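With mature numbering (1 follows the signal peptide of the UniProt record, and there is no 0) applied, the sequence shown corresponds to residues -22 to -1, 1 to 428, in that order. Note that CB positions come from ideal geometry on N, CA and C, so glycine has one too. If you're wondering where the values come from, they're calculated on a predicted model, not measured in any experiment.
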Amino acid sequence: MSRRLRATALAGVLTLALSGCGGVGGGGDSGGGDSKGSGALSTMGFGLSDEIAKTRVDAFKKDHPDVRLNITEGAFDEQQFLSAVASGNPPDLVYMDRKLIGTYAKRGSIQPLTDCVEKQQIDLGQYRQAAKDQVTLDGTVYGIPEFSQVRVLYLNEALLKQAGLTADDVNLADWASLPAVNTKLAKVSGGRLSRIGIDPKIPEFLPMWAKANGAEMISADGAKANLTDPKVVEALTTGVKLIQDQGGWGRFKSFRDTFDFFGAQNPLAKNQIAAWPMEEWFLNQAAKNSPKAELVVKPFVDRQGKPLTMSSGQAWVVTKGAKNPDAACAFVKQMTATDTWFAAAKARAEARKAANLPFTGVWTGNTAADKKIFDELYQPTGNKRFDDAVATIREAQDAAFAMPASPAGAEFDKAWTDAVNRVLSGQAQPAEALARAQQEATAALDKAAG
């Protein structure tokens, strides 16, 4: 997905005040004061790819028969979105990555949800704090969180045994030990990589490695970059070395790009990787496609050994110029409500049972929903590996942080990601690359603030 904001698309977007503005819920084609709404309601960036989505959408349709819901399936397209807003004919709702919300809020392409929350009586206390942080800019809520994705450490114990190692030997608290463990686990011959030892998952997970080293890459208010912190430089240096020791970025990335994490021929099943941090959703795929794999899941930890993880996910936002804000508010409330999530999780559990596959839970941005799902629906699978993994992920959810909303979030993200890529491709050293990124990010943040 492109993160470069198009000037042409932004030309027609008016800037909203970030405070003192109620935003959504003031009328439109919703039929007066009917909190359920009526009329046409359109979305962008969402799809009906599984029972989790379908069950929740069906529940909304049943409870809101006067709303004509039109879901345009497909991934979020930034250019299309900004062009639609600039033209004055946007979809009512957009499903987007939470890290983009600060930028779009500042530029006025999405609306504050103050009135929406009040009118629909949406309990913001039910959502995970990390998720709320990403949808709140200057104290104003601009999005309603959906799933809660956290990162944990996956280990292929069969490969560990072959190397004479145990799961405890892959100790993310001891960075000095990682290169030696990586060398034992990786398989490199004649410059050809056929098995990844440790994948640090950078650029994507650099904020988590930096946090584990005691550094924040951006201030809590999303206004000041901190990319030249020596602890950030050390985190990047550590991750880059793990990749360089496996043949370098070109070979590493080319090999990793062949992986299919969603099928039976996933890298766990094919013994193509030994240790890697990844989102919790892979456990669901492993349980479905590789139930006999020797999988161990551990928490990602900081350098003191304390569990730590980075949270991310999608959120629903209401666009500037939405024609049916009342129905949009009713939709996001029901899609993220406890009972709706529970019904969707139940549909997933029943589908798994019918297919004789384990159900490993559903992880949402709603803490009350997760509690209900795991207290009343989830049952241990009988496979200790998967049951232990579920327990690890549940604990990780409570140890999560998120990159805060920022008025230049997209530009900040691009600055540090480009820096990592320059280092990986051999164009710059970590300190040099991050110094340039600091300048780029600061310029973008200052411009947004001004």
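Measure the Cβ-Cβ separation of residue i and residue j and say whether it is below 8 Å.
i, j, result
"Glu258", "Gln127", "yes"
"Gly17", "Val72", "no"
"Glu29", "Arg326", "yes"
"Ala154", "Val279", "no"
"Pro69", "Thr81", "no"
"Gly15", "Asn204", "no"
"Asp223", "Asn267", "no"
"Ile196", "Phe390", "yes"
"Ala136", "Glu272", "yes"
"Arg76", "Ala293", "yes"
"Leu220", "Trp394", "no"
"Ala377", "Pro285", "yes"
"Pro382", "Gly241", "no"
"Ala83", "Leu115", "yes"
"Val130", "Pro255", "yes"
"Val398", "Ile88", "no"
"Ala411", "Leu78", "no"
On the three-state DSSP scale, how would you describe residue i?
i, result
"Pro255", "strand"
"Lys32", "helix"
"Ile88", "strand"
"Ile49", "strand"
"Val295", "strand"
"Val340", "coil"
"Pro245", "coil"
"Gln224", "coil"
"Asn399", "helix"
"Arg281", "coil"
"Thr236", "coil"
"Ser61", "helix"
"Gln357", "coil"
"Val148", "coil"
"Asn262", "helix"
"Gly80", "helix"
"Pro181", "coil"
"Gln98", "helix"
"Ser155", "helix"
"Ala386", "coil"
"Leu286", "coil"
"Asn302", "coil"
"Gly103", "helix"
"Gln127", "strand"
"Thr216", "helix"
"Leu138", "helix"
"Phe352", "helix"
"Phe379", "strand"
"Asp199", "coil"
"residue 436", "There is simply no residue 436 to check, as the chain begins at -22 and stops at 428 in what is shown."
"residue 429", "Here the chain comprises residues numbered -22 to 428, so residue 429 is not present and cannot be evaluated."
CB-CB under 7 Å to residue i, same chain, minus the five flanking residues each way: which ones, in chain order?
i, result
"Asn344", "Gln104, Tyr105, Thr314, Thr316, Trp319"
"Phe260", "Tyr132, Phe239"
"Asp98", "Checking the sequence, you will find Gln at residue 98 rather than Asp. Hits under 7 Å: Ser13, Cys307, Ala308, Lys311."
Measuring straight from C-alpha to C-alpha, what distance separates residue i and residue j?
i, j, result
"Asn149", "Leu133", "11 Å"
"Leu102", "Lys39", "23 Å"
"Pro178", "Ala369", "23 Å"
"Pro408", "Ala422", "21 Å"
"Val95", "Glu124", "15 Å"
"Ala108", "Ala380", "5 Å"
"Arg170", "Lys231", "12 Å"
"Val274", "Ala64", "49 Å"
"Asn262", "Ile251", "18 Å"
"Val113", "Tyr120", "6 Å"
"Thr206", "Asp396", "14 Å"
"Ala329", "Pro336", "10 Å"
For residue i, is the classification buried or exposed, using 16 other Cβ atoms within 10 angstroms of its Cβ as the cut-off for buried?
i, result
"Ser384", "buried"
"Ala427", "exposed"
"Arg173", "buried"
"Gln357", "exposed"
"Arg85", "buried"
"Glu56", "buried"
"Gln416", "buried"
"Asn334", "exposed"
"Ala158", "exposed"
"Leu(-18)", "With a pLDDT of 37 at Leu(-18), under the threshold of 50, the modelled position of that residue is not reliable, and no figure is offered here."
"Asn67", "exposed"
"Arg245", "For clarity, residue 245 is Pro in the given sequence; the question names Arg instead. Looking at its Cβ environment, which holds 16 or more other Cβ atoms inside 10 Å, Pro245 is buried."
Please find out if some non-hydrogen atom of the ligand SAH comes closer than 7 Å to the beta-carbon of residue i.
i, result
"Pro43", "Because no ligand of any kind appears in the structure shown, any question about the ligand SAH cannot be addressed here."
Given residue i, which residues of its chain have a CB within under 8 Å of its CB, disregarding the five upstream and five downstream residues?
i, result
"Lys425", "Ala386"
"Met186", "Arg129, Pro255, Phe278, Leu286, Thr287, Met288"
With a threshold of 6 Å on Cβ separation, who are the neighbours of residue i within its own chain once the five nearest residues in sequence on each side are excluded?
i, result
"Ala253", "Leu133, Val148, Ile176"
"Ala141", "Lys162, Leu163"
"Asp348", "Thr342"
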